[in-house]
Amino acid sequence: MLGGALLLAMVAAQVATGLHPQPIRLTSTVVLLLAAGALAFATTAHTLPRAVAAFGAVVVTGYAAEWIGVRTGLPFGDYGYSGLLWPQLGGVPVIVALAWGGMGLAAHATAAAAAPESRAGRLALGALALTAWDLFLDPQMIRLNLWTWHDPGPYRGVPVGNFAGWLLVSLLVMALIDHIVADPAARSTGLVSIYTVMAAMETIGFAAVFDPPDPLVATAGGISMGLFALLAWRRGWRRRRDR
Numbered sequence: 171m172l173g174g175a176l177l178l179a180m181v182a183a184q185v186a187t188g189l190h191p192q193p194i195r196l197t198s199t200v201v202l203l204l205a206a207g208a209l210a211f212a213t214t215a216h217t218l219p220r221a222v223a224a225f226g227a228v229v230v231t232g233y234a235a236e237w238i239g240v241r242t243g244l245p246f247g248d249y250g251y252s253g254l255l256w257p258q259l260g261g262v263p264v265i266v267a268l269a270w271g272g273m274g275l276a277a278h279a280t281a282a283a284a285a286p287e288s289r290a291g292r293l294a295l296g297a298l299a300l301t302a303w304d305l306f307l308d309p310q311m312i313r314l315n316l317w318t319w320h321d322p323g324p325y326r327g328v329p330v331g332n333f334a335g336w337l338l339v340s341l342l343v344m345a346l347i348d349h350i351v352a353d354p355a356a357r358s359t360g361l362v363s364i365y366t367v368m369a370a371m372e373t374i375g376f377a378a379v380f381d382p383p384d385p386l387v388a389t390a391g392g393i394s395m396g397l398f399a400l401l402a403w404r405r406g407w408r409r410r411r412d413r
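The C-terminal residue of the sequence shown carries number 413 in this note's numbering, and the numbering is unbroken.
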């Protein structure tokens, strides 16, 4: 029940962000609700200690990757954060690490629902599912001047190498979650719902709410994240049908 309430609150905050003349003011609220909702759903699926351990491991990993990234350009590319997101620790906004934690859990659950019997399948699908989110995230954050690429690339200013870096870090994130949780294949419809809602809200935002709209990002992100969400729900529907 707590997870569902937090998910609804996240959706409301996303709607408010799309309508607010200064959406940056609500960015942290959306991420905090995302992280709290993911942790609540993960607790139901895996117990509180394991959920906290998995979430914490991903937050630390995401922060470490960002901390290294802004200093060396590895593994994402040469980029830097503006001062708009705060508080920051070592040049990395704390909220960014929390976003890694929330969406990391959601992507792993989505992969676990799609490929419950295969650890390799969970890790691969989870890494791809989490990377697919960045098809939305990077263009949106660039629009808001939250970070800049020093050598812009072809996808709305995002270098192609960034996505390779995301895949690498996401694979590590999936491996950590899979190792920590009690039952990696445990189905969490709540976490899958977070992933699905994020895909839908971002697609609608880029297609019709943001000014100006961006059909390219809406299509690329919507199809990519939507595919992983569909795989997860389809497997669940088939499982219930066969009972």
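Positions of the beta carbon are idealized from the N, C-alpha and C atoms, including for glycine.
Predicted model only: the values in this text are computed from it and were never measured.
| Status (buried if at least 16 other CB within 10 Å, exposed otherwise) for Q192 | Taking the sequence shown and counting its residues from 1, one reaches residue 192 at position 22. Looking at its Cβ environment, which holds fewer than 16 other Cβ atoms inside 10 Å, Q192 is exposed.
| query | How about F225 and L361: are their beta carbons less than 8 Å apart? | reply | Taking the first residue of the sequence shown as 1, we reach residue 225 at position 55. Taking the first residue of the sequence shown as 1, we reach residue 361 at position 191. Contact: no.
| task | Answer with buried or exposed for T231, where buried requires no fewer than 16 other C-beta atoms within 10 angstroms of its C-beta. | result | Taking the first residue of the sequence shown as position 1, residue 231 is located at position 61. Classification of T231: buried, given that the 10 Å Cβ count is 16 or more.
| request: From the DSSP output, in three-state form, read off G261 for me. | output: Locating residue 261 in the sequence shown gives position 91, where the first residue counts as 1. Reduced to three states, the DSSP call for G261 is coil.
| message | Taking only three categories from DSSP, how would you classify W317? | response | Mapped onto the sequence shown, residue 317 falls at position 147. Note: W317 maps to strand in three-state DSSP.
| Based on the DSSP output, what are the partners of G323 in its beta bridges? | The residue labelled residue 323 in the question sits at position 153 within the sequence shown. Its beta-bridge partners are G327.
| task | May I ask which residues mark the beginning and end of the alpha helix (DSSP H) holding G250? | result | Taking the sequence shown and counting its residues from 1, the one referred to as residue 250 is at position 80. Looking at the DSSP string, G250 is not in any alpha helix (DSSP H); the run it does join, the beta strand (DSSP E), is 249 to 251.
| said: Closer than 8 Å is the cut-off here; do at least three beta carbon pairs connect the region 270 to 282 with the region 362 to 371? | reply: Between the region 270 to 282 and the region 362 to 371 there are three or more inter-stretch CB-CB distances shorter than 8 Å, so the stretches are counted as touching.
| message | According to DSSP, simplified to helix, strand and coil, what is D384? | response | Residue mapping note: residue 384 aligns to position 214 of the sequence shown, counting from 1. If DSSP states are grouped into helix, strand and coil, D384 belongs with coil.
| Within 8 Å, strictly: CB atoms of L204 and M180 | Within the sequence shown, residue 204 is the residue found at index 34, counting from 1. Within the sequence shown, residue 180 is the residue found at index 10, counting from 1. It is a contact, given that the beta carbons lie within the stated cut-off.
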